[in-house]
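A.B. asks: First the structure, which I've put down as structure tokens, then a few questions once you've had a look.
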Amino acid sequence: MQRRAETVALDTLDWPLLRSFGLDLRVRRDDALDPQLSGNKFYKLFFNLAEARALGHRQLASFGGAWSNHLHALAAAGKRYGFATLGLVRGERPATLSEMHRDAQDWGMKLHFLPRSQYPLPGDDLMQSLRESYGDFYLIPEGGSNRAGARGLVVLGQALEAQLAGDYDQVCLASGTGTSLAGVAAGLPPGKLALGFSVLKGEGDLGRQVDRCWRDLGAMGEHHHRLTNWRLMSGYHLGGYGRKLPIFVRHFWQDFEQQTGLRLDPVYTLKLFWGIAQLAQQGYWRPGTRLVAIHTGGLQGRRGFLADEKAWTFGKSPSDKRKG
Ligand SMILES: *Cc1c(COP(=O)(O)O)cnc(C)c1O
Numbered sequence: 020m021q022r023r024a025e026t027v028a029l030d031t032l033d034w035p036l037l038r039s040f041g042l043d044l045r046v047r048r049d050d051a052l053d054p055q056l057s058g059n060k061f062y063k064l065f066f067n068l069a070e071a072r073a074l075g076h077r078q079l080a081s082f083g084g085a086w087s088n089h090l091h092a093l094a095a096a097g098k099r100y101g102f103a104t105l106g107l108v109r110g111e112r113p114a115t116l117s118e119m120h121r122d123a124q125d126w127g128m129k130l131h132f133l134p135r136s137q138y139p140l141p142g143d144d145l146m147q148s149l150r151e152s153y154g155d156f157y158l159i160p161e162g163g164s165n166r167a168g169a170r171g172l173v174v175l176g177q178a179l180e181a182q183l184a185g186d187y188d189q190v191c192l193a194s195g196t197g198t199s200l201a202g203v204a205a206g207l208p209p210g211k212l213a214l215g216f217s218v219l220k221g222e223g224d225l226g227r228q229v230d231r232c233w234r235d236l237g238a239m240g241e242h243h244h245r246l247t248n249w250r251l252m253s254g255y256h257l258g259g260y261g262r263k264l265p266i267f268v269r270h271f272w273q274d275f276e277q278q279t280g281l282r283l284d285p286v287y288t289l290k291l292f293w294g295i296a297q298l299a300q301q302g303y304w305r306p307g308t309r310l311v312a313i314h315t316g317g318l319q320g321r322r323g324f325l326a327d328e329k330a331w332t333f334g335k336s337p338s339d340k341r342k343g
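Just so we're aligned, residue 20 is where the sequence shown starts under the working numbering, counting upward by one.
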């Protein structure tokens, strides 16, 4: 995995807005890692699968919603690496399954819909009955946000450093649970800062969670002496998780894709680049600052957004056109 992580492209982004502020932005293309198993979810699953295998499990289970990037990646990983998979989906079974669910089913995932009251922490009785119905499984928390998940992102941070050999200042990424932020920060050497752009409105104790996770990774050895090298950036969530986007943000999205040729997902990476644009305009970074943005993937989720927005006149990108 280390070697694979070091082959991910670091594209220089040709984005006039950032250039006008004298900022240098590279994008780490973890979205392009693999057609099915990409983005930060690949890294989060890696050590989870290793642990499941070491413990002798043959089935993996986890939680997610209708367009979950995590369940999508889990289904792909199960198929590729020989595990049965069980998706525990939030809410009632809909009349028609989402395209994400259909992909997951095609790759062999069984879907079990959980009442919202039991999600994502089903009670013991429900867990017992799930194991009776589906057989035993290795349970991965929602979003792959456990310690094994974070360890995968440490590898990403280390790979980035190895590729750039110190030739950057700050690393920006979108944050949901903050696991990726903690992991990447723990993988960077002293003096490099990771900025996590929170996609959630009212992030609660997210900072405390990131801190706990980051320290826990450090406790493995080399990082414990460090000053905190991560920051949580709030105010760029655009209304919160899966909310309707204001029209000016849609324009930003469309312009960004046309200018840079880089495709974004509406839930995570759009907010990252939106936040970067806002900070650049506010003069947050000195000219000459060398930034790296991690494209954490999630592009399968665009389908959900486009399906929900019948009136949405989003310009198709060249790669969409090719696919017809
Ligand atoms: C899950 C996800 C994230 C958030 O990762 P966390 O580790 O939960 O902060 C960011 N970007 C994309 C595309 C994701 O799918």
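Idealized CB from N, CA, C, for every residue including glycine.
Taking Trp86 as the reference, which of Tyr303, Leu68, Val286 and Ala312 has the closest Cα?
C.D. replies: Ranking the options by Cα distance to Trp86, first place goes to Val286.
A.B. asks: Taking the C-alpha atoms as reference points, what is the distance between Ala51 and Ser117?
C.D. replies: Between Ala51 and Ser117, the C-alpha separation is close to 23 Å.
A.B. asks: What did DSSP end up calling Ala238 once you bin it into helix, strand or coil?
C.D. replies: A caution first: Ala238 carries a pLDDT of 49, below 50, which makes its placement in the model too unreliable to give a value.
A.B. asks: What first and last residue would you give for the alpha helix (DSSP H) that runs through Trp272?
C.D. replies: Ile266 to Thr279 is the extent of the alpha helix (DSSP H) around Trp272.
A.B. asks: Assuming contact is defined by CB atoms lying nearer than 9 Å, are Leu37 and Ala296 in contact in what I supplied?
C.D. replies: Yes, the Cβ-Cβ distance between Leu37 and Ala296 is below 9 Å.
A.B. asks: State the Cα-Cα distance for the pair Val108 and Leu133, rounded to the nearest angstrom.
C.D. replies: When rounded, the distance between both Cα atoms is 6 Å.
A.B. asks: Indicate, with yes or no, if ligand 1 has a heavy atom lying under 8 Å from the CB of Tyr100.
C.D. replies: No.
A.B. asks: Please return the same chain residues whose Cβ sits closer than 6 Å to the Cβ of Thr247, not counting the five positions on each side in sequence.
C.D. replies: Result list for Thr247: empty, nothing under 6 Å.
A.B. asks: How many angstroms separate the CA atom of Leu289 from the CA atom of Leu56?
C.D. replies: Each residue's alpha carbon lies about 20 Å from the other.
A.B. asks: If you measure from the CB of Ser194, is any heavy atom of ligand 1 nearer than 8 Å?
C.D. replies: Yes, ligand 1 has a heavy atom inside 8 Å of this Cβ.
A.B. asks: Where does the unbroken alpha helix (DSSP H) through His76 begin, and where does it stop?
C.D. replies: Segment: none, His76 is in no alpha helix (DSSP H) and carries neither H nor E.
A.B. asks: Between the segment 62 to 70 and the segment 156 to 174, do three or more beta carbon pairs fall short of 8 Å?
C.D. replies: Touching, yes, given that three or more Cβ pairs across the two stretches are closer than 8 Å.
A.B. asks: In whole angstroms, what is the alpha-carbon distance linking Gly110 and Leu90?
C.D. replies: Taking the straight line from one Cα to the other gives about 15 Å.
A.B. asks: On the three-state DSSP scale, how would you describe Leu130?
C.D. replies: Note: Leu130 maps to strand in three-state DSSP.
A.B. asks: Quick one, which of Thr196, Gly185, Gly142 and Glu180 has its alpha-carbon nearest Glu161's?
C.D. replies: The residue with the shortest Cα to Cα distance from Glu161 is Thr196.
A.B. asks: Hey, Cys232 and Ala312: beta-carbon distance below 9 Å or not?
C.D. replies: Result no, Cβ atoms of Cys232 and Ala312 do not sit closer than 9 Å.
A.B. asks: Of the residues Asp144, Leu179, Ala204 and Tyr100, which one's Cα is nearest the Cα of Asp30?
C.D. replies: The candidate whose alpha carbon is nearest that of Asp30 is Leu179.
A.B. asks: Excluding the five sequence neighbours on either side, which residues of its own chain have a C-beta within less than 6 Å of the C-beta of Tyr157, listed in chain order?
C.D. replies: Cβ neighbours of Tyr157 beyond the five flanking positions: Ala71, His76 and Leu79.
A.B. asks: Could you spell out the range, first to last residue, of the beta strand (DSSP E) harbouring Gly215?
C.D. replies: Leu212 to Ser217 is the extent of the beta strand (DSSP E) around Gly215.
A.B. asks: At the level of alpha carbons, what is the spacing between Phe102 and Asp155?
C.D. replies: Their Cα atoms are separated by approximately 12 Å.
A.B. asks: Check each candidate in Ser199, Arg22, His314 and Leu236 and name the one with the smallest Cα separation from Arg47.
C.D. replies: Here the closest residue by C-alpha is His314.
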